[in-house]
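Reminder that position 220 of the first sequence reads as 222 in my numbering, one-by-one numbering, no gaps.
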Amino acid sequence: MEISEKNNQIIIQNIKDFNVTHIFNCGQCFRWNMEADGSYTGVVKDKVINVEQEGSTVIFNNMDMEGYENIIKEYFDLNTDYSEIKRSVNTDEIMSEAIKFGSGIRILNQEEWETMISFMISANNRIPMIKRVIENLSSCFGEFICNYRGRNYYTFPEAEKLAEADVEKIRECKAGFRSPRLKNAAVRFLNEKDVAYNIKNKSYDEGLAYLKTYEGIGNKVANCILLFSMRKFDTFPVDVWVRRVMQTLYVDKDTKDADIRKFAENKFGKLSGYAQQYLFYYSRENGIGK
DNA sequence: TCCCAGGTCCTGA
DNA sequence: TCAGGACATGGG
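Structure, rendered in structure tokens:
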């Protein structure tokens, strides 16, 4: 992997286990959108970043070396060896197929607060709607960053902003019945920031128990938050898609979510979170179980 | 019109 | 413990 910089671009050549389509469509993030040329533009912290890929060459546009060191490297998990992960979760032919299909998936290192709110919004919602609500909240309560390729971009709202917001204003962002939960979560998060940001240093069980004390965070959402922003990979979030693919390919039709999770954590081990992502992407893109 | 979405919460047995 | 319904919103 070779890295170079020119004209506000970071160019990485000979990158392995990296595919922008897989990364941004495996359901872990909501703020990345495809441009007409096939590249993806999104917001990370207070930066608007565009990513394009041709084979094993990846170009981060609107990015300098400092941003690469401070944001890109960690966010895109570039220090992790995915060939090792794949070996670890590749326990049968189904997973082998799923891994081949989503070979360029990487689990992004997303910010805790943003991930909490994003997955609270995901409850009983569709992905396009989740994305729309998040963009509405950002343009309403976030800070304007810049106009890029004809579109305005905003930071994800700080907890302070949502904590002091009128619930009706949050409702106007189309958050629906989740609106009061988002505000309450913001108020609590403000008072307990240190606890929330320290979960990544605690055990999975402690993190899960803490997150579930928030109104609007149940098992599924908590597991997603733990997996996508708190580096807990020994978890297996079960949503409608994962339930379908598991009940179609691995377990009985009437198996409960908790038992599906246990089965998967047992089968795929400490890195079952990665297995979940390969399966989610594989089943959603191929309509398995639908 | 009805059904459902990366669920969660509440209620009644 | 556990099934069943409510919950905003919008697309199919």
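Don't be surprised by glycine CBs; every beta carbon is placed ideally from N, CA and C.
If you're wondering where the values come from, they're calculated on a predicted model, not measured in any experiment.
Thinking C-alpha only, which one of the options is nearest residue i?
| i | options | result |
| --- | --- | --- |
| serine 285 | Leu273, Asn268, Thr257, Val240 | Val240 |
| asparagine 288 | Trp243, Met122, Lys272, Asn111 | Trp243 |
| glutamate 56 | Met67, Gly40, Ala187 | Gly40 |
| lysine 204 | Asn64, Asn186, Asp236 | Asp236 |
| glycine 291 | Val253, Arg128, Tyr276 | Val253 |
| alanine 165 | Asp207, Phe143, Tyr156 | Phe143 |
| glutamate 76 | Lys47, Gly178, Thr59 | Lys47 |
| valine 53 | Glu71, Glu4, Ile25, Lys255 | Ile25 |
How about residue i: is its Cβ closer than 7 Å to a heavy atom in the ligand ZN?
| i | result |
| --- | --- |
| asparagine 127 | In terms of ligand content, the structure shown is empty, and the ligand ZN therefore cannot be addressed. |
Exposed or buried, which one is residue i when buried takes at least 16 other CB atoms within 10 Å?
| i | result |
| --- | --- |
| glutamate 162 | exposed |
| proline 159 | buried |
| serine 120 | buried |
Which residue comes first and which comes last in the beta strand (DSSP E) that contains residue i?
| i | result |
| --- | --- |
| isoleucine 12 | 11-15 |
| valine 91 | Here valine 91 belongs to no beta strand (DSSP E); instead the alpha helix (DSSP H) covers 84-91. |
| asparagine 149 | 146-150 |
| serine 6 | 4-8 |
| isoleucine 61 | 59-63 |
Going by DSSP in three states, residue i sits in which element: helix, strand or coil?
| i | result |
| --- | --- |
| isoleucine 73 | helix |
| cysteine 175 | helix |
| valine 240 | coil |
| glycine 44 | strand |
In the DSSP assignment, the alpha helix (DSSP H) including residue i goes from what residue to what residue?
| i | result |
| --- | --- |
| valine 135 | 129-143 |
| cysteine 31 | Where cysteine 31 is concerned, there is no enclosing alpha helix (DSSP H), given that its DSSP letter is neither H nor E. |
| glutamine 112 | It is not in any alpha helix (DSSP H) - glutamine 112 carries neither H nor E in the DSSP assignment. |
| arginine 153 | Where arginine 153 is concerned, there is no enclosing alpha helix (DSSP H), although the beta strand (DSSP E) it sits in stretches over 153-156. |
| glutamate 37 | Per DSSP, glutamate 37 belongs to no alpha helix (DSSP H) and is neither H nor E. |
| isoleucine 96 | 95-103 |
Just how far apart, CA to CA, sit residue i and residue j?
| i | j | result |
| --- | --- | --- |
| leucine 273 | isoleucine 87 | 7 Å |
| alanine 177 | phenylalanine 32 | 15 Å |
| phenylalanine 191 | tryptophan 115 | 8 Å |
| asparagine 64 | isoleucine 17 | 19 Å |
| glycine 69 | threonine 257 | 46 Å |
| lysine 195 | glutamate 95 | 43 Å |
| tryptophan 34 | tyrosine 42 | 6 Å |
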